[in-house]
Amino acid sequence: MLTTQELMEAVASYQPIAPATSKGWKYAIKGFETKPVDDIDKRFVNLRRSQLNSKGYKPSYVRTLLGYCGTIWQIAYEQMELVDGNPWRGSLKGLKRGKKKYPFLPLSYYEQCGLTEHPLFMGLWYHGFRVNELACLLPEDIILDHPYPHFSIVDNDTRLIKNDPSRREVPIHKDYFRFLDKFPFSTNPRAGDYFSRYMKRRCGHSAHGIRHNITTRMRRAGIEYSIAASILGHDADGMTADYGHILLEDKAEQLQKLH
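The structure is reproduced here in structure tokens:
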């Protein structure tokens, strides 16, 4: 009889997932890994939600854990036909999403923290990467022999990309070229996590805060919304987002407005 652990492993093998997602899935099923999948019904799901709430977790965290379980079951149901349904459907109702606030800080603040000569930090500052996208770059991902030198953000043996909009070409900011010779290439899938923790010790917040920072700076610099979204690997909203193409040369021109 298939256990929850075996179901999770089967789904993870069927649909490649990022290391952070794999870690989240393991946390989500912690405590009922050996429970037969056939015993996971609506009653169990409701009890699981009650148990998580009784532990004092924030609603947003409970939502995240239940959502991971829902994703596992949905893939197993719709794509793999390993289960007869998804008992986790509807379990998020009434649980508010959490939204972490990051401070908007100038570059001078990070200079005082000793980060502005670090190639990973400055790569985040000028391009707004997700930290694992940047920390797990390989030499062949940096394309210099091109009219518009750029980073090629694609899946590789170390790093899985989050979604389709995340697979993209990001022009190299003119002020970043001096960091390329000392870029710390890594084949460790945890390299981004390690740097984010290092950064938090130095400046008080994780690397993801720089994505919030650069979004504000792009808006203030007048970078057109769809181009900013394309650089950051976001899916631009709205009907017009479905028309035309975002050209690398346009991204390169717009990115140079950023300081």
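Remember, this note's numbering sits 498 above the position in the sequence shown when you count from 1.
From the three backbone atoms N, C-alpha and C, an ideal C-beta is built for every residue, glycine too.
- Considering only L678, V629, D673, G592, the residue with the shortest C-alpha distance to L658 is V629.
- I651 has R666 as its beta-bridge partners, per DSSP.
- Beta bridge pairing from DSSP links I640 with F649.
- A distance below 7 angstroms between beta-carbons, with the five flanking residues on each side excluded, links F627 to the following residues of its chain, in chain order: G621.
- Within the DSSP bridge table, the entry for P534 names T501 as partners.
- A Cβ-Cβ distance of about 51 angstroms is found for the pair K680 and P585, leaving them out of contact under the 8 angstroms criterion.
- For the pair Y646 and L550, the CB atoms are not nearer than the 7 angstroms cut-off.
- The segment 697-716 and the segment 601-617 touch, with no fewer than 3 CB-CB distances between them shorter than 8 angstroms.
- Taking a C-beta distance under 7 angstroms as the contact criterion, M499 and P534 qualify as a contact pair.
- Going by DSSP, L746 is part of the alpha helix (DSSP H) stretching over 746-753.
- Taken in chain order, the complete beta strand (DSSP E) segments of 3 or more residues contained in the segment 664-700 are 666-669.
- Beyond the five residues adjoining it in sequence on each side, K553 comes within less than 6 angstroms, by CB distance, of no other residue in the same chain.
- A residue is called buried when at least 16 other Cβ atoms come within 10 angstroms of its Cβ; E631 meets this threshold and is buried.
- Within the same chain, and ignoring the five residues on either side of S664 in sequence, the residues whose Cβ sits closer than 6 angstroms to its Cβ are G731.
- Cα atoms of P682 and D733: separation of roughly 29 angstroms, rounded to the nearest angstrom.
- Looking only at C634, I527, L603, Q754, the smallest Cα-Cα distance to I725 is reached by Q754.
- The Cβ atoms of S520 and R547 lie no closer than 7 angstroms to each other.
- Spatial neighbours of V509 in its own chain (CB-CB distance under 6 angstroms, excluding positions within 5 residues in sequence) are listed in chain order as I570, I573, A574.
- With a cutoff of 7 angstroms on beta-carbon distance, P669 and A719 are scored as not near each other.
- Taking 7 angstroms as the cut-off, the Cβ atoms of L636 and N654 count as close.
- For C567, the uninterrupted alpha helix (DSSP H) run begins and ends at 557-576, by DSSP.
- By the criterion of a C-beta distance shorter than 6 angstroms, D539 is surrounded in its chain by P585, once the five residues flanking it on both sides are discounted.
- A direct Cα-Cα distance of roughly 7 angstroms separates G522 from Y566.
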